[in-house]
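First residue of the sequence shown: 0, per numbering that gives the first Met the number 0; consecutive thereafter. Idealized CB from N, CA, C, for every residue including glycine. Reviewing the structure listed below.
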Amino acid sequence: MLIFLEEVHPMQTQDLLKSPNRQKFDAVVDSSWNQKENSEVYTFIKRQIQYFNLEQELDIGEILFEGCLRGVSKIESGQDIQDPSDWLKSTCFYIILEHIRITYVYSSFDWELTTGHWEQASQGHAMGTYN
């Protein structure tokens, strides 16, 4: 039966094989990609990037794509996403925070280690003192 459906409507067959949770998640992702400025998720990501002044460093599409990959991975591992829109927004927020942490905190830490300015630089370091 599925072989017949695949020949007639390949996209509908793929949707039949997806779980209801994955279908809800895909619907949120599709609206975020297609409607952009009218999408709750897209505007949330845009606002966060502007808030942290990262417009020159991060692309909304890249953040959304990484969030989608993490969502699909979570669903395929058997976990449930109750509210895909809220889950995707919070995940994208954490992706932005990961970027900030890797770019600014760890790069500052590496600078301290490589230059030998450990005591001098760590006085006001974002992660506190190292004594």
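Does the beta-carbon distance from Ile62 to Lys73 come in below 8 Å?
no
Which first and last residues belong to the alpha helix (DSSP H) in which Glu65 is found?
59–75
How many Å lie between Ala26 and Asn37 at the Cα?
14 Å
Classify Glu54 as helix, strand or coil using the three-state DSSP reduction.
coil
Does DSSP classify Asp25 as helix, strand or coil?
helix
Does Ser18 come out as helix, strand or coil in the three-state DSSP assignment?
coil
Going along the chain, which residues of its own chain have a beta-carbon closer than 7 Å to the beta-carbon of Cys67, five neighbours each way excluded?
The residues are Val28.
Using beta-carbon positions only, say whether Ile95 and Gln47 come within less than 8 Å of one another.
yes
Is the distance from the Cβ of Lys88 to the Cβ of Phe51 below 8 Å?
No, Cβ-Cβ distance for Lys88 and Phe51 is not below 8 Å.
Cα separation between Asn33 and Arg100?
30 Å
Under a three-way DSSP split, which group does Asp85 fall into?
helix
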